[in-house]
Structures are given as C-alpha cells and as structure tokens.
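K.L.:
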Amino acid sequence: MLPADDGTLNRRQALLKLIRLGGAAAGTAGLGLWLSQHSKRPEAALAINLKRSHTVAANPALPEMAILQGDNPGQLVRHAIEELGGMRRFVSRADIVLIKPNIGWDRTPEQAANTNPSVVAEVVRQCWDAGAKRVIVTDVSCNDPRRCFQRSGIAEVSQREGAEVILPDPTRFKDVDLQGEVLRGWPVFDPFLNVDKIINIPIAKHHSLTGTTLGMKNWYGILGGPRHQLHQKIHESLVDLADFVRPTLTIIDCYRVLIRNGPTGGNLEDVLLKKTLVAGTDPVALDAYVAKAYWNLDVASLPYLQMAAQRGLGTYEFEKVRTRVKEIS
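Heads up, the sequence shown is in the working numbering, so the first residue is 1 and it goes up one at a time.
#1: DSSP state of Gly312, grouped into three classes?
#2: In this structure, what does DSSP give as the bridge partners for Gln69?
#3: On the CB-based measure, 16 or more other CB atoms within 10 Å of its CB, does Gln229 come out buried or exposed?
#4: Skipping 5 residues on each side, what residues in its chain have a beta carbon closer than 6 Å to that of Thr138?
#5: Please say whether Ala113 and Thr264 have beta carbons closer to each other than 7 Å?
#6: Just to confirm the assignment, what range does the beta strand (DSSP E) spanning Phe189 have?
#7: Rounded to whole angstroms, what is the Cα-Cα separation between Gly30 and Leu193?
#8: Kindly indicate the opening and closing residues of the alpha helix (DSSP H) around Ala121.
#9: Can you list, in chain order, the stretches of the alpha helix (DSSP H) that have 4 or more residues and sit fully within the segment 222-281?
#10: In angstroms with no decimal places, state the Cα-to-Cα distance between Met307 and Glu236.
#11: Could you check where the alpha helix (DSSP H) with Leu286 kicks off and where it finishes?
#12: When DSSP labels each residue in this structure, what does Lys133 get in the three-state scheme?
#13: Could you give the distance in angstroms between the alpha-carbon of Lys100 and the alpha-carbon of Glu319?
#14: Going by beta carbon distance, what residues of the same chain come within less than 7 Å of Met87, once the five residues before and after it are set aside?
#15: Here's the rule: buried if 16 or more other CB atoms are within 10 angstroms of the residue's CB, otherwise exposed. What is Gln69?
#16: Roughly how many angstroms lie between the CA atoms of Val188 and Leu98, to the nearest whole one?
#17: Apply the 10 Å Cβ neighbour rule to Glu122 and answer buried if 16 or more other Cβ atoms are within range, or exposed otherwise.
#18: Per DSSP, what are the beta-bridge partners of Asn200 in this structure?
#19: Contact defined as beta carbons within less than 8 Å: I believe Ala291 pairs with Val299. What is the distance between those atoms, to the nearest angstrom?
#20: Answer yes if the segment 265-283 comes into contact with the segment 217-224, meaning at least three C-beta pairs across the two stretches below 8 Å, and no otherwise.
#21: Are there 16 or more other CB atoms within 10 angstroms of the CB of Asp240, so buried, or fewer, so exposed?
#22: Please classify Gly280: is it buried, with 16 or more other beta-carbons within 10 angstroms of its beta-carbon, or exposed?
#23: Measuring CB atoms only, is the segment 152-169 touching the segment 195-215, in the sense that at least three cross pairs come out at less than 8 Å?
#24: In terms of DSSP beta bridges, what is Thr138 paired with?
#25: How is Thr171 classed by DSSP in three states: helix, strand or coil?
#26: Sorted by chain position, which residues of the same chain lie with C-beta nearer than 8 Å to Trp295's C-beta, five sequence neighbours on each side aside?
#27: DSSP beta-bridge partners for Gly211?
#28: What does the alpha-carbon distance come out to for the pair Leu178 and Asp243?
#29: Leaving out five residues before and five after Arg151 in sequence, what residues of the same chain have Cβ atoms less than 8 Å from its Cβ?
#30: Does any C-beta atom of chain B lie closer than 7 Å to the C-beta of Ala300?
#31: Do you know offhand how far Ile136's Cα is from Lys197's?
#32: Would Thr323 pass as a contact of Leu286 if the rule is Cβ separation under 7 Å?
#33: Check His79 in the structure and name its three-state DSSP category.
#34: Measure the CB-CB distance between Thr248 and Phe90 and report whether it falls below 7 Å.
#35: Would you say Ile201 and Thr115 are within 7 Å of each other, going by their C-beta atoms?
#36: Please report the distance separating the alpha-carbon of Val119 from that of Leu183.
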C-alpha cells in the first residue's frame, strides 16, 4: 500500500516510492515544414500581446499535486480532479475550454507517443459536467495531423464525448508577441488565443535534448513556423512558452511511459506500464516529480526547471508542495 494515512505527503522519499509500486521499471515534418516555408519570419511578426494567465486562485486547503495509481485511466482522472477540488474549481459555467493533449505522432496508444485517449475522454466529460459552453481538443502535430489524430484514438473519443476536434490548419496561425526572453514574434495556432481555460494533458516521455518531455515541453504544440530552430535554445524557449500560456490545470499521463527513444517512440519494448496519473496546479513541480520518479534526473540541475522557478512559474522542489497520493482499487 502507499504510505501516509490521509494521503498528504511532503517528503521526497514517500513520493518517489511510487516508482517502485508502478510496475517494471529532432526537427518537425509535414505541417511544420510547410509552415516554416510560408510563415512570416519571427522578426517580422506583429507585435500582438495576447499573454494571458488561465490559472485559478490557489487554495491552501487543497493539494497542489495529486498522484493516482490504478488500472482504469478514466477513474484516475476522476479521482485526481476530485482530490484537487473538483472540475468546477477549474471550469466555470459558459467557459470555452481548450484541452491540449500530445497528438504529435503517427502512433497507437500502446506505443505511448501520444496522450492516452481514455484520459482525454474523461477530461472532456468533466468539462461538460462543470458547465463548459464549448470544449476544444487540438494540437499542432509533428507527423501528418489527420493520421496522428486518428491513429492516436484521440479524435474518435473526443468527438464521441461532444468535443470540437480542430486539426492544425496553415491558415489559422497568427503572429504573436510571446514576450519571452528568446521567443518574441512567432506563429501561434489561433484556437489557443481565444479561450477561457486551457488544460494541458501531456504524456510522460523520454526526450534526447531535455531528458524528458512533460507538461512544459508540450507547449511546443501551440506553434507553427520552424520549430526545430527552437532546439538551439530549447530550455529557454520552453520556459518562454510556459510563461506565455500558464494553464488552468496540468494532467501528466503516466499510464504508459515512453522510457527510452522519445519523443517519437515506436518500439513497445521502450514502453513501461506504470498505471499512474499526476495532476496539479504547479506545472514545474509536476514536471520535476515525474522527471525524478521515472528517469531519476537531478531536477535541481535541469536548466528549464531552474529557469521556470526563477520566472515564478512554480517550484522544482516537488517534495515541498502539498501532495495527495491515492491508489484506486
């Protein structure tokens, strides 16, 4: 059984025990290439300031991070959101909500390159139950978008639950002033610019440049243009993006973890079945916890986590945040 009587943990050792309980331990193509040839250069971008915070007020009576384990991905989502105060804390009646999974790759759910479709479906349901007026599911894919959305299973389940699925369209990118330290003018997919709430649902994966790709790295999927150029200053650019978006809620899908050869994957031998979900309001703490738990990374030395903490986006000292751990039978 998991430690702690009330499920609230503030100690690194207790949190990281989950790894023992959870089971056995480049550039863009397709649409990205088209946009790199047709988008305006960043220095010519319009000086549009659309930086917004979609966050909700902190509540010291509630956990900042919830870690759930169990066999059913949808149940994990339901219980995680309940632990964090319920979806009505995050979504108000008549809100337009955008859900941002990772739908970057032409892969099946079992290959763990994209977010688990069952996780996405449950988040859509929760948004409707909270009174959302409109629910959008979208991402800017690296491989062919239609194949990514279909083969991942995300388009089918999202449409079944009544969400509006928007595939990336080269005519729907707007040059935006991201006001970052390295990212200034850049083409942003416009569905992200006109919503009330944004829920980030990445999948936990290995990445050759940053060690992992988790919540903050998932924001690359709002951009068009020559995204491969951002790898030259990858840590700085992803912090700029995280500062620009500031999501309402982050849910990291760790049901299946692509432990090696990410972010594209493809080999089932690189996938570990962890049956875990990590959700919360501190995106830096969530990234730090998952990076430590599954890759044993020194999170205090990861540049993007240090920069994010300095920017006031959260803390990489995940053991210090209010945390609830729960095992679902």
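Cβ coordinates follow ideal geometry from the N, Cα and C atoms, glycine included.
P.N.:
Reading it off the structure:
#1: Look at Gly312 here: in three-state DSSP terms it is coil, with no helix or strand label.
#2: Answer by DSSP bridge pairing, in chain order: Thr276, Glu327.
#3: With fewer than 16 other Cβ atoms inside 10 Å of its own Cβ, Gln229 counts as exposed.
#4: Taken in chain order, the residues that qualify are Ile166, Pro191.
#5: Taking 7 Å as the Cβ cut-off, Thr264 and Ala113 qualify as a contacting pair.
#6: Start and end: 185-189.
#7: Because the pLDDT of Gly30 is 41, which lies under 50, any placement of that residue in the model is unreliable, and the question is left without a value.
#8: Here the alpha helix (DSSP H) through Ala121 covers 117-129.
#9: Fully contained in the segment 222-281 are the following alpha helix (DSSP H) runs of length 4 or more, in chain order: 234-245.
#10: Cα-Cα distance, rounded: 7 Å.
#11: Run containing Leu286: 283-295, per the alpha helix (DSSP H) assignment.
#12: Note: Lys133 maps to coil in three-state DSSP.
#13: Their backbone Cα atoms lie some 27 Å apart in a straight line.
#14: Correct list, in chain order: Ile81, Gln126, Cys127, Asp129, Ala130.
#15: By the neighbour-count rule (16 or more Cβ atoms within 10 Å), Gln69 is buried.
#16: Computed Cα separation, rounded: 14 Å.
#17: With 16 or more Cβ atoms within 10 Å of its Cβ, Glu122 is classed as buried.
#18: DSSP lists Lys100, Thr250 as the bridge partner or partners of Asn200.
#19: With a Cβ gap of about 6 Å, Ala291 and Val299 count as contacting.
#20: With the rule of 3 Cβ pairs closer than 8 Å, the segment 217-224 does not count as touching the segment 265-283.
#21: Buried: at least 16 other Cβ atoms inside 10 Å.
#22: So Gly280 ends up on the buried side.
#23: Remark: fewer than three beta-carbon pairs, one from each stretch, lie closer than 8 Å, so the segment 152-169 and the segment 195-215 are not flagged as touching.
#24: In DSSP, Thr138 forms a bridge with Ile166.
#25: Helix, per DSSP.
#26: Contacts found: His206, Gly211, Thr212, Ile259.
#27: Gly211 is bridged by DSSP to His207.
#28: For Leu178 and Asp243, the distance between alpha carbons rounds to 9 Å.
#29: Answer for Arg151: Asp106, Arg107, Thr108, listed in chain order.
#30: Absent from the structure: chain B. Only one protein chain is present.
#31: Near 10 Å, if we compare the C-alpha coordinates of Lys197 and Ile136.
#32: Not a contact, by the Cβ cut-off of 7 Å.
#33: Here His79 sits in helix by DSSP.
#34: Contact flag set, yes.
#35: The answer is yes: Cβ separation under 7 Å.
#36: Taking the straight line from one Cα to the other gives about 31 Å.
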